[in-house]
Amino acid sequence: MNCILRGVRVIDPLARRDAAGQDVWLSEGRIIAIYKHMGEGTLPVIDLTPPPGGTPVILCPGFIDIHTHLREPGDEGAETIHSGSQAAAAGGFTQIVAMANTVPPIDSPDRVKEATFRAVAASVQVLTGCALTKGLKGEELVDMEACAAAGAAAFSDDGRNGFSPRLLSEAIGRAVSLGRPVMIHPEDEEVLAQVNRVQGPVQRCSLRPVEAETRAIDYALRALAHAGKGHVHLQHVSSAAGVEMIRRAKEGGANVTAEATPHHLGMWLPFATEPQPAGLLKVNPPLRTDRDREALIQGLRDGVIDTVATDHAPHRVEEKALPYDRAAPGMIGLELALAVCITLGGMSGDWIPTLVDRLTIGPYRVLGKASGIREPRLRIGEAATCVLFDPEAEWTVEPAHLRSGSQNTPLLGARLHGRVLMTLVDGALVHHDRQRLPWPASAAGTETARG
Ligand code: NCD
4 MNCILRGVRV
14 IDPLARRDAA
24 GQDVWLSEGR
34 IIAIYKHMGE
44 GTLPVIDLTP
54 PPGGTPVILC
64 PGFIDIHTHL
74 REPGDEGAET
84 IHSGSQAAAA
94 GGFTQIVAMA
104 NTVPPIDSPD
114 RVKEATFRAV
124 AASVQVLTGC
134 ALTKGLKGEE
144 LVDMEACAAA
154 GAAAFSDDGR
164 NGFSPRLLSE
174 AIGRAVSLGR
184 PVMIHPEDEE
194 VLAQVNRVQG
204 PVQRCSLRPV
214 EAETRAIDYA
224 LRALAHAGKG
234 HVHLQHVSSA
244 AGVEMIRRAK
254 EGGANVTAEA
264 TPHHLGMWLP
274 FATEPQPAGL
284 LKVNPPLRTD
294 RDREALIQGL
304 RDGVIDTVAT
314 DHAPHRVEEK
324 ALPYDRAAPG
334 MIGLELALAV
344 CITLGGMSGD
354 WIPTLVDRLT
364 IGPYRVLGKA
374 SGIREPRLRI
384 GEAATCVLFD
394 PEAEWTVEPA
404 HLRSGSQNTP
414 LLGARLHGRV
424 LMTLVDGALV
434 HHDRQRLPWP
444 ASAAGTETAR
454 G
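Numbering (my numbering), first residue to last: 4 to 454.
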């Protein structure tokens, strides 16, 4: 494309830039200039200026999701790297970290290499998450050094929490020199086994009390203290009690970071009533009360929660249609994250810069440079990795329009605000909503293909 986008609000948190009424000159995937008003000469102008008092369209660095489940290898019927990265692009995400709980799990240097290789052609940058323990069993650490050398961006047994605090503490210590975060799924499996009265796996058990979360957070914080160094990241925190523990730990100087998902920030139980099948509401950890949701939102606002992470968890229809107790947990999130935060989480208006921060530099800082994550920044003259979104645009969640290989969300048919208009990755146009952002043929240049 070769054009001027007129009347845009440009937000670039790392550059401390937030300016409305900007003209953005795009040429062949590069941002050539950003000015208050540009003499257009012969360039086509796409005028996005809002009406007086209206909300402008926003250009910012591409979003980063540090918690995505792609189902390749093992369950390509639910999601492939290709479909998942297209969903990411449609949601404005330009970099994602794929979790290791595939079949087989990514738990050795060879599997890390293979997963990284498979993702090379994806529409967005897919970083490889590596398991923390072999087979996600919690018994033996993976060869962390070799896995990092093979390309692992982070370590997580997400979906499982089977290790002892002692093993976790060793992992935290070893991760320091690798510069990779150790990410924890904070649901204590002993608590889950007890309340559900089961001997075997607890992933599909439906009783998941807050105590399972607080106990796991407590163990993770103890393990961090015992390691005496390092960093621990807590995934999908869901409760007010959990937020409070993290707040206190951070105040005490612990190097702990945390994420919250759009669904925990947006859908508390009384709202999310009776989708069909009921299993569509099932997710680990579960949706809790409005009080929990408000604590998460407050935590996100004041930085106790560092980042929004989708926990995009695609599942095949038949896995969700099972009786609630046996249905697979998880919901898709990449394409809905922005709109769920804005519409259901109430993060519009003066929230927007914070939301952009928590979708860009928040996750960037959690991962750290050594992970291979790229700095989320708008750079003049370089191939752009960015997203253009309209925080007000209203749309309906329609299964046929979702790019993900699965449609498991309780929000099918919902009317949401907040729509991604365009996503660029390394200058390639990986998503374009032609209906909401039509551009004249004269602006259409040569698009670089990716994915
Ligand atoms: C995740 C999945 O399906 O992989 N499901 C979920 O409910 N969040 C795994 C997990 O994080 O538990």
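All residues carry an ideal CB built from backbone N, CA and C; glycine is no exception. Predicted model, so just to flag it, every value in this text is computed and none were measured.
Local conformation of residue i per DSSP, three classes
i, result
"H318", "coil"
"R9", "strand"
"T399", "strand"
"L424", "strand"
"V433", "strand"
"C389", "strand"
"E378", "coil"
"R121", "helix"
"T346", "helix"
"D305", "helix"
"R458", "What is shown of the chain runs 4 to 454, which leaves residue 458 out entirely."
"P112", "helix"
"T260", "strand"
"S445", "helix"
"L62", "strand"
"S86", "helix"
"L144", "strand"
"P280", "coil"
"I335", "coil"
"P413", "coil"
"A81", "coil"
"L272", "coil"
"D360", "helix"
Proximal residues to residue i (C-beta, below 8 angstroms), its chain only, five neighbours per side dropped
i, result
"R304", "W354 and T357"
"E401", "L415 and G416"
"L144", "L135, T136, K137, L170, E173, A174 and R177"
"P53", "G10, P59 and V60"
Residue i: first and last residue of the uninterrupted beta strand (DSSP E) it sits in
i, result
"T2", "The displayed coordinates of the chain run from 4 to 454. Any statement about residue 2 would go beyond what the structure contains."
"M147", "From DSSP, M147 is part of no beta strand (DSSP E) but of the alpha helix (DSSP H) over M147 to A153."
"G365", "No beta strand (DSSP E) contains G365, which is instead part of the alpha helix (DSSP H) from I364 to L370."
"R163", "Careful: R163 lies outside any beta strand (DSSP E) and carries neither H nor E."
"S30", "R20 to S30"
"A2", "Residue 2 cannot be examined here, being either before or after the span of the chain that is shown, 4 to 454."
"I49", "V48 to D50"
Distance CB(residue i)-CB(residue j) smaller than 9 angstroms
i, j, result
"D146", "I187", "no"
"T426", "V390", "yes"
"K253", "V185", "no"
"P338", "L405", "Correcting the residue identity first, residue 338 is Glu in this sequence and not Pro. Taking 9 angstroms as the Cβ cut-off, E338 and L405 qualify as a contacting pair."
"A447", "M41", "no"
"A157", "L370", "yes"
"D15", "L381", "yes"
"V11", "L46", "no"
"I300", "A36", "no"
"T260", "R422", "no"
"G154", "P107", "no"
"A152", "G132", "no"
"E190", "P288", "yes"
"G408", "R74", "yes"
"Q438", "D314", "no"
"E277", "P366", "no"
"H236", "I84", "no"
"E395", "G57", "yes"
Residues near residue i in its chain [Cβ-Cβ closer than 7 angstroms; skip 5 each side]
i, result
"C344", "P265, L268, G269, V311, M350 and L358"
"V127", "S88, A91, A92, F96, T97, Q98, I99, V428 and V433"
"N225", "As written in the sequence, residue 225 is Arg, which differs from the Asn given in the question. P168."
"P64", "D15, T363, P379, R380, L381, T388 and C389"
"P441", "none"
Residue i: first and last residue of the uninterrupted alpha helix (DSSP H) it sits in
i, result
"P265", "P265 to G269"
"T97", "Careful: T97 lies outside any alpha helix (DSSP H), inside the beta strand (DSSP E) at F96 to A101."
"Q217", "Per the sequence presented here, residue 217 reads as Thr, with Gln not at that position. It spans V213 to A230 - the alpha helix (DSSP H) in which T217 sits, taken as one unbroken run."
"M186", "Careful: M186 lies outside any alpha helix (DSSP H), inside the beta strand (DSSP E) at V185 to I187."
"L440", "That residue, L440, is in no alpha helix (DSSP H); it is neither H nor E in DSSP."
"V235", "Careful: V235 lies outside any alpha helix (DSSP H), inside the beta strand (DSSP E) at V235 to L237."
"S172", "P168 to L181"
"V383", "The residue asked about is misnamed: residue 383 is Ile in this sequence, not Val. No alpha helix (DSSP H) contains I383, which DSSP labels as neither H nor E."
"E192", "E192 to N199"
"L248", "Before going further, note that residue 248 is Met rather than Leu in the sequence given. From DSSP, the alpha helix (DSSP H) with M248 extends over A243 to E254."
Same chain, Cβ closer than 6 angstroms to residue i, neighbours up to 5 away in sequence not counted
i, result
"G80", "R319"
"V179", "K232 and G233"
"N258", "H234"
**OP:** Examine the Cβ distances between the segment 214-224 and the segment 292-308 and report whether three or more of them are shorter than 8 angstroms.
**Re:** They do not touch, by the three-pair rule.
**OP:** Say whether the segment 227-244 touches the segment 166-179, bearing in mind that this needs 3 or more beta-carbon pairs closer than 8 angstroms, one atom from each stretch.
**Re:** Judged by Cβ distances under 8 angstroms, the segment 227-244 makes contact with the segment 166-179, as three or more pairs qualify.
**OP:** Decide yes or no for the touch test of the segment 86-96 against the segment 134-141: beta carbon pairs closer than 8 angstroms, at least 3 of them.
**Re:** Of all C-beta pairs linking the segment 86-96 to the segment 134-141, fewer than three are shorter than 8 angstroms, placing the two stretches out of contact.
Original post:
Per the contact definition of three or more C-beta pairs closer than 8 angstroms, is the segment 234-244 in contact with the segment 315-335?
Top reply: They do not touch, by the three-pair rule.
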